[in-house]
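Offset between the sequence shown (1-based) and the working numbering: plus 18. Backbone N, C-alpha and C fix where the C-beta goes; we use that ideal spot for every residue, glycine too. Note sheet for the following structure.
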Amino acid sequence: ITATISDGVAIDQISNPNEEATFTDNEVTYDDVLPDTSINSRPGNPTSSTDAGFTFSGTDSGTGVTSFECNLNGAGFSTCTSPMNYTGLSEGSHAFQVRAKDGVGNLDASPSSYTWVVDHTAPDTTITAKPGDPSISADASFSFTGDDGSGTGVASFECDLDSVGFSPCTSPQNYTGLSDGSHTFQVQAVDTLGNTDATPASFTWMVDTTGPSVTINQKDSAPVQADPTNSSPINFTVVFSEPVSGFGAEDVDLSGSAGAAVVSITEIAPLDDTSFNVGVSGMTQDGSVTAAVLANSVQDTLGNFNAAPSNSTDNSVIYDSTSPTVTINKAAGQTDPTGISPIHFIVVFDEPVTGFTTGDITLSGTTGATTAIVTEIAPNDGTTYDVTVSGMTMGGEVIASIEAYVAVDAASNGNTESTSDDNSVIFIFSTTTTTITSAVQSPSIIGETVTFNYTVTVNSGSGTPTGNVIVSDGTNTCTGSVAAGSCAIQFTTSGTKTLTATYEGDAYFNGSTSMNFSHIVNNANPTIFFFFPIVYHQPLPLHLSGQK
């Protein structure tokens with residue numbers, strides 16, 4: 019708009035007309051057109067970023083755009099420039115406005131605006147259906163949901179099994195052919211902005227499609243089961259590879275030749291349904307007792323049956339309730355009677371034994387034998403022994419026997435008392451001494467009866483010899499018993515007789531012969547002459563002399 023004043027349009031007080039007006043600025047622009055504002059770039063909607071940047075521009079057909087004013091979330095317009103950046107925005111909805119301002123201050127009456135959602139919180143994931151734990155199935159199915167709260171919403175899921183890595187999945191997620199053992203399933207929700215659940219829902223479970231395995235063996239913990247044994251019950255230990263339920267006597271199979279028929283079952287440490295003692299009794303005879311666990315008889319806690327019968331390294335025990343028998347007899351080659359010590363006997367058990375030693379022999383008889391030494395001999399299998407007996411103090415009978423329960427077999431059965439065909443040996447004391455001690459009527463005359471006294475002496479030990487003693491000079495003989503101690507001879511010739519006494523011996527003592535004994539036999543009795551002197555004095559000396 020331009021304003022001018024022409025000349026002569028006005029007069030002063032003396033009627034002088036005005037001159038044409040002069041000016042320095044007589045033009046004013048009038049602008050009533052509002053500017054227009056455009057947003058050129060903006061953040062995505064929704065976005066997970068807490069930062070936002072905007073660029074904008076304005077147009078004005080009047081005086082032109084000179085500036086901009088911005089408003090975020092209704093906080094009020096304030097001068098701004100493009101680009102306009104914001105940081106640290108909170109989660110949720112945000113509104114941005116911008117208006118242009120022209121040269122005369124006209125403001126865009128319809129600011130350009132943009133509303134968007136900031137969502138940087140990950141969704142939460144929940145497993146709603148899953149397999150049992152533990153499970154006897156090799157298949158598994160999972161159902162799951164996600165919750166994004168006030169966020170942009172769950173867009174998808176990612177699943178992982180046993181840490182092989184997450185991959186897209188949908189609910190329900192199914193798996194087949196899983197191996198026995200522990201498995202872990204994880205699922206994470208992803209919202210529309212790609213925010214992923216940082217704490218995936220997780221489930222760990224055990225797949226067990228295999229029944230328990232089982233072993234049964236002789237009890238090897240204290241007290242250890244003896245084998246062979248004469249005791250009842252016979253104990254076995256059953257160990258399952260996992261806890262089981264319902265294990266009973268009907269699940270145990272008994273075999274063997276002993277006729278065992280009764281089973282009792284007791285759970286043992288660690289008391290976790292895996293370990294049991296099986297006691298077997300009712301044996302009707304000696305023989306083997308074998309115990310086994312039948313296949314498909316016992317379940318684990320999930321219901322899987324043992325597919326195979328029990329394994330064993332030694333599930334058989336010999337039941338032996340019969341005492342070993344024993345014989346003792348004089349050894350082959352043992353002379354009887356004998357004068358040689360020791361005397362040998364042979365002991366034979368009908369089965370191997372232990373504990374049979376020196377001191378287990380009972381000695382009897384008349385010789386006073388004191389010592390019996392036991393030595394095992396061939397076949398050196400605990401059945402055969404040589405017994406040497408010594409210490410005899412007199413001649414007589416040596417008898418060896420064995421009492422019951424001095425030795426035991428492998429099942430701890432004590433032996434019975436020994437039996438024998440010939441367990442007695444006659445022992446002869448090897449030396450005696452026979453002596454003619456005197457002759458009654460010595461010297462003697464022809465036809466006179468002469469009694470010879472003799473003794474038989476045991477050189478060592480004790481005992482009394484029996485039997486006869488013969489006294490003889492080779493021609494003349496008499497016989498008397500040892501007990502009589504004498505016998506008589508009537509000589510028919512004169513002279514010096516050389517005699518010996520011979521002990522014939524008996525069952526226990528050897529015979530012996532005395533040293534020579536001299537005896538004089540005269541023709542007649544001697545005459546004694548007395549000579550007296552013509553003159554004598556008291557006492558009267560007496561002089562004797564004689565002749566045949």
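Residue pairing by DSSP puts His201 in a beta bridge opposite Trp223.
Remark: C-beta atoms of Asn433 and Ile420 approach each other more closely than 9 Å.
Val443 is positioned such that its CB atom lies no closer than 9 Å to that of Gln303. In the three-state DSSP reduction, Glu466 falls in the coil class, being neither helix nor strand. The beta carbon of Asn103 is closer than 8 Å to those of Asp69, Ala70, Gly71 and Phe72 in its chain, skipping five residues each way along the sequence. Closest by C-alpha distance to Met412, out of Ser438, Gly400 and Thr384, is Thr384. Within the region 128-179, complete beta strand (DSSP E) segments of at least 3 residues are found at 130-136, 142-147, 158-165 and 172-179, given in chain order.
It is roughly 20 Å from the alpha-carbon of Val136 to the alpha-carbon of Ser130. Rounded to whole angstroms, the Cβ separation of Met224 and Pro152 is 4 Å, and the two are in contact under 8 Å. Taking a cut-off of 8 Å on C-beta distances, the region 484-497 does not touch the region 311-323, as fewer than three cross pairs fall below it.
Per DSSP, Met412 lies in no beta strand (DSSP E) and is assigned neither H nor E. Per DSSP, the unbroken beta strand (DSSP E) holding Arg117 starts and ends at Gly110 to Asp120. Within the region 287-362, the complete beta strand (DSSP E) segments of 3 residues or longer fall at 293-299, 305-311, 334-337 and 344-348, listed in chain order. In the structure shown, the three-state DSSP call for Asp269 is helix. Glu109 and Asn192 have their C-alpha atoms spaced approximately 36 Å apart. Taking 3 residues as the shortest admissible run, the region 231-279 contains the following complete beta strand (DSSP E) segments, listed from N- to C-terminal end: 232-236, 252-258 and 270-273. By the CB criterion at 9 Å, Asn494 and Thr510 fall inside the cutoff.
Between the region 173-183 and the region 203-223, the count of C-beta pairs closer than 8 Å reaches three or more; the two stretches touch. Separation of the CB atoms of Thr247 and Val311 is rounded to 21 Å, and the pair is thereby denied contact status at 8 Å. The Cβ atoms of Ala147 and Leu196 lie no closer than 9 Å to each other. With contacts defined as CB atoms closer than 9 Å, Phe162 and Thr139 fail to qualify as a contacting pair.
Ranked by how close their Cα comes to the Cα of Ala390, the residues Ser231, Asn534 and Thr380 have Thr380 in first place.
In this structure, the straight-line span from the alpha carbon of Glu38 to that of Ile23 is close to 6 Å.
Cβ neighbours of Tyr423 within its own chain (closer than 6 Å, five residues either side excluded): Gly432.
If you ignore the 5 residues before and after Gly409, its C-beta comes within less than 6 Å of the C-beta of Ala387, Thr388 and Thr389, all in its own chain and listed in chain order.
Relative to the Cα of Ser66, the nearest Cα in the group Gly183, Pro190, Thr97 and Thr214 belongs to Thr214. About 3 Å separates the beta carbon of Gly305 from that of Ser275, a gap short enough to meet the 8 Å contact definition.
By the Cβ criterion, the region 248-266 is not in contact with the region 183-191, since fewer than three pairs of Cβ atoms, one from each stretch, lie closer than 8 Å. Cβ-Cβ distances below 8 Å link Thr455 to Asn471, Tyr472 and Thr473 in the same chain, with the five nearest sequence neighbours on each side left out; the list follows chain order. The C-alpha of Asp25 is placed about 31 Å away from the C-alpha of Asp49. For Ala525, there is no enclosing beta strand (DSSP E), as DSSP marks it with neither H nor E.
Between Thr401 and Pro370, the CB-CB gap stays under 9 Å. A direct Cα-Cα distance of roughly 17 Å separates Val405 from Thr343. Secondary structure note for Ile379: its beta strand (DSSP E) is the uninterrupted segment Ile379 to Gly383. In the three-state reduction of the DSSP assignment, Leu90 falls in the strand class, which pools E and B. Residue pairing by DSSP puts Thr393 in a beta bridge opposite Asp404.
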